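Novice:
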Amino acid sequence: MGRKILIVEDDAVYANLLSNYLLDRSFDVYTANSGKAALASMAQIKPNVVLCDLNLPDISGLKILESILQSPDAVPVIVISASDDMRDIREAVRLGAVDYLVKPVQQLDALEFAIENCLTRNTLEESYEHERWELDDHLDVLFQNDSIIERLTQDLVPHEHLYVQDVRVDHEFGLNDGDKLWIDYYRLAPNQVIMLMARAQAVAGQDVVALLVLKTMFNPILRSGLSGNMQLLSNPNELLTRLNNELCHSRIRAAFDLVCVWIDTKTKEVRWSQAGDKIMLSHEAKPDLAMGIWEKATYKMHKTQLDRAGFYLACEQTWLRASIVG
């Protein structure tokens, strides 16, 4: 993964401060002290992230931001500016800046965190794009081949219960419910668990294919989490937002009810988000729009503590539970 950072900053002292900090953290750092120099550097350097001041001597930083983000090779831009004027912030965000930090940045680790988020987002989006189009190429085959669907259906159901510390995750299928639900749960780290239940609202006979599409979109996020990037998996609302966007841009024509639950088995913190209202929960919260309907839909995150009563999801006669044992 590339780690090239272009700093667009006319204050030499501040540019040097940022550059030294990022160099110490193994980034490849380049600087430009004007708008023209920044635009020239973009083609030569091909940075992975740009840090851009708004107050440049020759071209407005907002113009630079607009130029970068309208390019076919657009990269994430983080604005770092002395201006805390809400008009500037709103305009930068409207143009597509992924973050806005006010100078002087008191804690430079916040800048490093923002950069790492940009790099992670780029990697995930490349993976999503590849897997999404690869999947779309095979959808027609899936729709027409009953034997493939039957063979793949087993991937929609976990085969063993999960124990992480004193938390047990298990499930129980009602009669025939397994034919139209996707249930999954995983140990993410020594003290973390994620569990999901999804139901497809598809045309007759296409429920399983629709759920397989959803699972395929989830898989790269899971792999990234198992490799240490927990941003999406530990924030179910962001996970649902990402999956919804992918679904709305795929060839699958279905809506999905989905509940995603993240649990810290040490602190017993539970976070969850809910799309659609067909899955019942032990803890009340207003569900958000089902996934796959509107690409700009957003999802709320809810929190509680896991106690002896447990946390469970139910659809029809099928249950998915997290409970404290021992």
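First residue of the sequence shown: 1057, per my numbering; consecutive thereafter. Every residue, glycine too, gets a C-beta built ideally from N, C-alpha and C. Model, not experiment: these values are computed from the prediction.
Do you know how far the Cα of ASN1291 is from the Cα of VAL1135?
Specialist: 24 Å
Novice: Below 6 Å CB to CB, which residues in the same chain sit around LEU1278 once its five sequence neighbours on both sides are set aside?
Specialist: none
Novice: Do you know whose CA, among MET1336, PRO1103, LYS1119 and TRP1350, lies nearest GLU1302's CA?
Specialist: For GLU1302, the nearest C-alpha among the options comes from TRP1350.
Novice: Quick check: the Cα distance between GLU1168 and GLN1373, rounded to an integer number of angstroms?
Specialist: 47 Å
Novice: Between LYS1119, SER1123, LEU1369 and ALA1138, which has its C-alpha nearest ARG1255's C-alpha?
Specialist: Of the listed residues, the one whose Cα sits closest to ARG1255 is LEU1369.
Novice: Report buried or exposed for SER1137, applying the criterion of at least 16 other Cβ atoms within 10 angstroms of its Cβ.
Specialist: buried
Novice: Comparing C-alpha positions only, which one of GLN1330, VAL1158 and ASP1165 sits nearest to ASP1383?
Specialist: The displayed coordinates of the chain run from 1057 to 1382. Any statement about residue 1383 would go beyond what the structure contains.
Novice: Ends of the beta strand (DSSP E) at ARG1327?
Specialist: 1325–1331
Novice: Could you tell me how far apart the beta carbons of VAL1105 and ILE1061 are, in whole angstroms, since I believe they sit closer than 8 Å?
Specialist: 5 Å
Novice: Where DSSP assigns a beta bridge to TYR1219, which residues make up the other side?
Specialist: ARG1224
Novice: For the 8 Å Cβ check, are there 3 or more pairs between the region 1084–1094 and the region 1141–1155?
Specialist: Contact between the region 1084–1094 and the region 1141–1155 is absent, because fewer than three Cβ pairs lie under 8 Å.
Novice: Output needed for PHE1199: all residues of its chain with C-beta closer than 7 Å, excluding positions within five of it in sequence on either side, in chain order.
Specialist: Here the model assigns PHE1199 a pLDDT of 48, short of 50, so the residue's position is not dependable, and the following value carries that caveat. Once the five neighbours on either side are set aside, the close Cβ partners of PHE1199 are GLN1262 and VAL1265.
Novice: Under three-state DSSP, which class holds THR1297?
Specialist: helix
Novice: Could you spell out the range, first to last residue, of the beta strand (DSSP E) harbouring LEU1237?
Specialist: 1237–1245
Novice: Between which two residues does the alpha helix (DSSP H) holding VAL1265 run?
Specialist: 1263–1282
Novice: Is VAL1149 helix, strand or coil when you go by DSSP?
Specialist: helix
Novice: Cutting at 6 Å between CB atoms, please list the residues of its own chain near HIS1358, excluding the five before and the five after it.
Specialist: TRP1328 and ALA1341
Novice: So, for ALA1311: in the same chain, excluding its five sequence neighbours on each side, which residues have a beta-carbon less than 6 Å away from its beta-carbon?
Specialist: GLN1257, ALA1346, GLY1348 and ILE1349
Novice: Can you list, in chain order, the residues of its chain with a C-beta nearer than 7 Å to that of LEU1376? Leave out the 5 residues immediately preceding and following it.
Specialist: HIS1227, ILE1239, MET1251, MET1253, TYR1368 and LEU1369
Novice: For ARG1081, which of helix, strand or coil comes out of DSSP?
Specialist: coil
Novice: Quickly, what does DSSP pair CYS1316 with across the bridge? List them, please.
Specialist: LEU1252 and SER1329
Novice: According to DSSP, is SER1097 helix, strand or coil?
Specialist: helix
Novice: Within a Cβ cutoff of 8 Å, which residues of the same chain sit near VAL1154, ignoring the five residues on either side of it in sequence?
Specialist: Answer for VAL1154: PRO1132, VAL1133, ILE1134, ALA1170, ASN1173, CYS1174 and ARG1177, listed in chain order.
Novice: Helix, strand or coil: how does DSSP classify ASP1109 here?
Specialist: DSSP places ASP1109 in coil when its eight states are reduced to three.
Novice: Would you call GLU1065 buried or exposed, if buried means 16 or more other Cβ atoms sit within 10 Å of its Cβ?
Specialist: buried
Novice: Less than 8 Å between the CB atoms is what I'm expecting for ARG1224 and VAL1069, so what's the real figure, rounded?
Specialist: So it is not a contact: roughly 57 Å between Cβ atoms.
Novice: Give the straight-line distance between the Cα atoms of ALA1245 and LEU1118, rounded to the nearest whole angstrom.
Specialist: 41 Å
Novice: For ILE1120, I'd like the list of residues in its chain whose CB is within less than 8 Å of its CB, leaving aside the five on either flank, ordered along the chain.
Specialist: VAL1064, GLY1091, ALA1094, LEU1095, CYS1108 and LEU1112
Novice: Taking the beta carbon of VAL1158 as the centre, do at least 16 other beta carbons fall within 10 Å, making it buried, or is it exposed?
Specialist: exposed
Novice: Where DSSP assigns a beta bridge to ARG1377, which residues make up the other side?
Specialist: ASP1226 and TYR1368
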